[in-house]
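The sequence shown lines up with residues 36 to 187 when you count with our numbering.
Idealized CB from N, CA, C, for every residue including glycine.
What follows is one structure encoded as structure tokens, with my remarks underneath.
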Amino acid sequence: MSVKQHFTSRFPDGKLVQADLSQIEVIIAAQLSGDPTLIQLIREGRDVHKFMVANIYNEPESNISKDDPRRKAAKPGTFGILYGNGPARLSENCGKDIEWCKNFIETFYKLFPRIKLWHNFLQEQVEIHGQLTMPTGQILKFEKYPAKFEWQ
Numbered sequence: 036m037s038v039k040q041h042f043t044s045r046f047p048d049g050k051l052v053q054a055d056l057s058q059i060e061v062i063i064a065a066q067l068s069g070d071p072t073l074i075q076l077i078r079e080g081r082d083v084h085k086f087m088v089a090n091i092y093n094e095p096e097s098n099i100s101k102d103d104p105r106r107k108a109a110k111p112g113t114f115g116i117l118y119g120n121g122p123a124r125l126s127e128n129c130g131k132d133i134e135w136c137k138n139f140i141e142t143f144y145k146l147f148p149r150i151k152l153w154h155n156f157l158q159e160q161v162e163i164h165g166q167l168t169m170p171t172g173q174i175l176k177f178e179k180y181p182a183k184f185e186w187q
């Protein structure tokens with residue numbers, strides 16, 4: 036018996052639905068940032084990772100398959116930026132060198148400038164208030180710790 040067979044609906048003759056929202060993080064970021072380019076890509080049903088690869092390598096999206104290793108490297112890069120990763124963390128997750136990751140981040144923010152503005156806004160709010168209030172009303176508090184190194 037599989038794990039799925041252990042779940043049942045609480046309604047008589049009810050069914051359980053399994054869904055996978057592809058690129059949900061990207062959709063949420065588009066909604067929260069209001070980035071018009073990202074919103075348009077989503078409306079057109081285009082693959083954001085292919086779009087990134089096409090722009091980084093100056094190649095048509097039609098030349099990039101779902102299994103293209105460049106797309107596979109771009110995928111954790113795109114999600115990583117949305118989660119606040121910098122070049123070092125992206126390098127760990129993508130398997131690419133730091134310079135590639137710096138270029139990826141720079142390209143991402145050029146293509147989606149409202150994401151950059153949104154990220155900057157979130158950072159400023161944390162700096163000023165020590166917290167963020169989510170659209171749901173949830174408050175996330177952040178502790179400020181002294182820098183370990185002078186350059187920080």
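Query raised in the report: residue 110: buried (16+ other C-beta within 10 angstroms of its C-beta) or exposed?
Result: As a position in the sequence shown, residue 110 is number 75, starting the count at 1. With 16 or more other Cβ atoms within 10 Å, it is buried.
Query raised in the report: Can you tell which of 83, 67, 115 and 148 has its C-alpha closest to the C-alpha of residue 136?
Result: Counted from its first residue, the sequence shown places residue 136 at position 101. Here the closest residue by C-alpha is 115.
Query - Length-filtered (4 minimum) alpha helix (DSSP H) runs lying within the region 77–152 - result: 83–92, 104–117, 122–129 and 133–146
Requested in this report: Note down, in chain order, each residue of its chain lying with its Cβ closer than 8 Å to the Cβ of residue 71, except the 5 sequence neighbours on either side.
Outcome: Locating residue 71 in the sequence shown gives position 36, where the first residue counts as 1. Taken in chain order, the residues that qualify are 149.
Query raised in the report: Is the region 124–138 close to the region 43–58, with three or more CB pairs under 8 Å?
Result: no
Report task. Take every Cβ of the region 61–71, pair it with every Cβ of the region 140–156, and state whether three or more of those distances are shorter than 8 Å. Result -> yes
Query raised in the report: Below 8 Å between beta carbons: does that hold for residue 139 and residue 91?
Result: Against the sequence shown, residue 139 aligns to sequence position 104. Against the sequence shown, residue 91 aligns to sequence position 56. Against a cut-off of 8 Å, the Cβ pair of residue 91 and residue 139 comes out as a contact.
Query - residue 49 to residue 41 span [Cα, whole Å] - result: In the sequence shown, the residue the question calls residue 49 occupies position 14. In the sequence shown, the residue the question calls residue 41 occupies position 6. Taking the straight line joining both Cα atoms gives about 14 Å.
Query - Proximity of residue 143 and residue 113 at Cβ, strictly below 8 Å - result: As a first step, residue 143 must be located in the sequence shown, where it is residue number 108. As a first step, residue 113 must be located in the sequence shown, where it is residue number 78. Closer than 8 Å, so yes.
**Report entry** Pairwise C-alpha distance: residue 159 and residue 177
**Finding:** Against the sequence shown, residue 177 aligns to sequence position 142. Against the sequence shown, residue 159 aligns to sequence position 124. Approximately 12 Å between the Cα atoms of the pair.
**Report entry** CA-to-CA distance, residue 107 to residue 98, given in whole angstroms
**Finding:** Here residue 98 refers to the residue found at position 63 of the sequence shown. Here residue 107 refers to the residue found at position 72 of the sequence shown. Roughly 14 Å separates the two Cα atoms.
Report task. May I ask you to list the residues that DSSP assigns as paired with residue 167? Result -> In the sequence shown, residue 167 corresponds to position 132, counting from 1. 175, per the DSSP bridge assignment.
Query raised in the report: What are the boundary residues of the alpha helix (DSSP H) that residue 66 is part of?
Result: Here the question's residue 66 lines up with position 31 in the sequence shown. Element bounds for residue 66: 59–68.
Query - Inter-residue spacing [alpha-carbon to alpha-carbon] between residue 122 and residue 47 - result: One-based indexing of the sequence shown puts residue 122 at position 87. One-based indexing of the sequence shown puts residue 47 at position 12. Their Cα atoms are separated by approximately 52 Å.
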